[in-house]
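Q: Quick one: the structure is below, questions incoming.
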Amino acid sequence: MGAAIPEGAQRRLEAWRASLAVDGRRVPGFDPADGGAAARVLLLLETPGPDPRPGRAPRDGAPRIVSRDNATGTARNLARFLGAAGIARADTLLWNAVPWIVHAPGARNRALRRGEIVAGQALLPPFLALLPRLRVVVLAGRVAGEARDLVAETRPHVMVLAMPHPSPTHVCTSPNVPARITSVLTDTARLLDDE
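Note that the working numbering gives residue 599 to position 97 of the sequence shown, counting from 1, and the numbers run on in steps of one.
Right, here's the structure in full:
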C-alpha cells in the first residue's frame, strides 16, 4: 500500500484549503471519507457547481465538500464509475481545477473565465506538493485537461491521465463518453495494483 504519510500531512492539506478562502472565496472542503493527504489518485474536476439548495444550509449544517456523495448528477456518475473501476475510496481525493465557487449564490452554472482558470492553475503546484503518496492524476474535462503539462512538470513521476467530465450533460452525449471514462479509471486502478 505504500509508506505512511508524514505526521501532520492532513492538517497541512486542510490549512492550505482554508487559506484559499481568506479573501472571501467560498471553497468547499475535502471529503473526510476520501483519502485526503494519503490519496494515491487525484481526480481533478472543473469547479464546484452552484449550490444545489440555494439559500439553505446543508441539512446537517456542515459546510460544502467536494464529494461523490453530493446530491448532483456529476457526483452520482463519479461514484458509479469509481466503484465499477474498483478504486478504493481511501486511495482517492476529488478536487477542482478552480477550487472556489465562482457562481453567485442562487445563480445558475456558468462557464469559467480565462482568469479564473489561470488563477486555479497557479494553485496546483503547492497543492500537489501536499500529496506525498500521489501516483495518478486524472484530469476530468477540458478545464482540468489544460493543467496536464503543469501537473507533469510539477510531479514528473506521477502518471497523468485525461477523461471526459462525468457530468450528466457530457456522459449522455455519446456512448463513447462513458466508455472512455470507464477505460481511464480502469487503467488508473491497474496502475495502483501494479505498485
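Built from N, CA and C at the ideal position, the CB exists for glycine as well.
#1: Evaluate A540 with the Cβ neighbour count: other Cβ atoms within 10 Å of its Cβ, from every protein chain shown; 16 or more gives buried, anything less gives exposed.
#2: Taking C-alpha atoms, which residue in R637, A511, G588, G531 lies nearest to R542?
#3: Can you list, in chain order, the residues of its chain whose CB lies under 8 Å from that of R514, leaving out five sequence neighbours each side?
#4: Sort L546, L544, P550 by Cα distance to R527 and report the nearest one.
#5: Taking 9 Å as the threshold (C-beta atoms), are L626 and A599 in contact?
#6: Using alpha carbons as the reference points, say which of A587, A621, G647 lies closest to L694.
#7: Using a Cβ-Cβ cut-off of 6 Å (strictly less than) and excluding sequence neighbours within five positions of N579, which residues of its own chain qualify?
#8: Any chance you could list the alpha helix (DSSP H) runs of at least 4 consecutive residues sitting entirely within the segment 545–622, in chain order?
A: According to the data block:
#1: Walking along the sequence shown from the start, residue 540 turns up at place 38. With 16 or more Cβ atoms within 10 Å of its Cβ, A540 is classed as buried.
#2: Counting from 1 along the sequence shown, the entry for residue 542 is found at position 40. Comparing Cα-Cα distances from R542 to each of R637, A511, G588, G531, the minimum goes to R637.
#3: As a position in the sequence shown, residue 514 is number 12, starting the count at 1. Hits under 8 Å: A539, L632.
#4: Here residue 527 refers to the residue found at position 25 when the sequence shown is read from its first residue. Cα-wise, what sits closest to R527 is P550.
#5: As a first step, residue 599 must be located in the sequence shown, where it is residue number 97. As a first step, residue 626 must be located in the sequence shown, where it is residue number 124. Contact flag set, yes.
#6: The residue given as residue 694 occupies position 192 in the sequence shown. Checking every option, the nearest Cα to that of L694 belongs to A587.
#7: One-based indexing of the sequence shown puts residue 579 at position 77. P668, V673, listed in sequence order.
#8: 575–587
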